[in-house]
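Numbering (the working numbering), first residue to last: 7 to 139.
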C-alpha cells in the first residue's frame, strides 16, 4: 500500500470483499484474500468455482504474502497503470478504475468497494498511511 501508492482503503476493502472478511474458502484454505487467479503464477495453487468451475487461484503460505502480492499485481500489470495517475485520495475513482481495468467481472464491484470503505471509514487510513511515506 504505502510503498506502491495504492490507497489503503482500496486494499483493505478489496481484501474484505474478495475474502468474505477472511472467511471465504480461498482465504481460509489458500490465504488468498484478493481472488487473484493463477495467470503468470509459478507458486502453489488452489482450485475454486468462480466465473467458471474449478478455476486456478494463487495459494499463499500466509495472508501477508497475499497482501504483498496484491500490491505487486496492481503495480506490474500494464492494464492497471492508469490507476496510478488518479488522485491517491480518491477511493471512488480507484474503485471504478479497478472495474474498468478488469479486476472483477461484477458490474457492482465499484459500489461494493465504496460501500465497504464508507461503512468502516477505511478512508481514514489513506491519509495516515500515505503521509508516512
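Idealized CB from N, CA, C, for every residue including glycine.
Alpha carbon of residue i to alpha carbon of residue j, nearest angstrom
| i | j | result |
| --- | --- | --- |
| residue 32 | residue 100 | 24 Å |
| residue 21 | residue 57 | 19 Å |
| residue 7 | residue 104 | Residue confidence is low: residue 7 scores 45 on pLDDT, short of 50, so the model does not pin down where it sits. Its coordinate-derived value is still stated next. Those two C-alpha atoms are separated by around 15 Å. |
| residue 82 | residue 125 | 30 Å |
| residue 64 | residue 90 | 24 Å |
| residue 30 | residue 93 | 31 Å |
Assigned secondary structure, residue i (DSSP; H/G/I helix, E/B strand, else coil)
| i | result |
| --- | --- |
| residue 52 | strand |
| residue 101 | helix |
| residue 29 | coil |
| residue 92 | coil |
Counterpart residues of residue i in DSSP-defined beta bridges
| i | result |
| --- | --- |
| residue 43 | 63 |
Among the options, the one whose alpha carbon lies nearest that of residue i
| i | options | result |
| --- | --- | --- |
| residue 69 | 123, 129, 18 and 47 | 18 |
| residue 40 | 27, 85, 49 and 48 | 27 |
| residue 42 | 109, 29, 114 and 115 | 109 |
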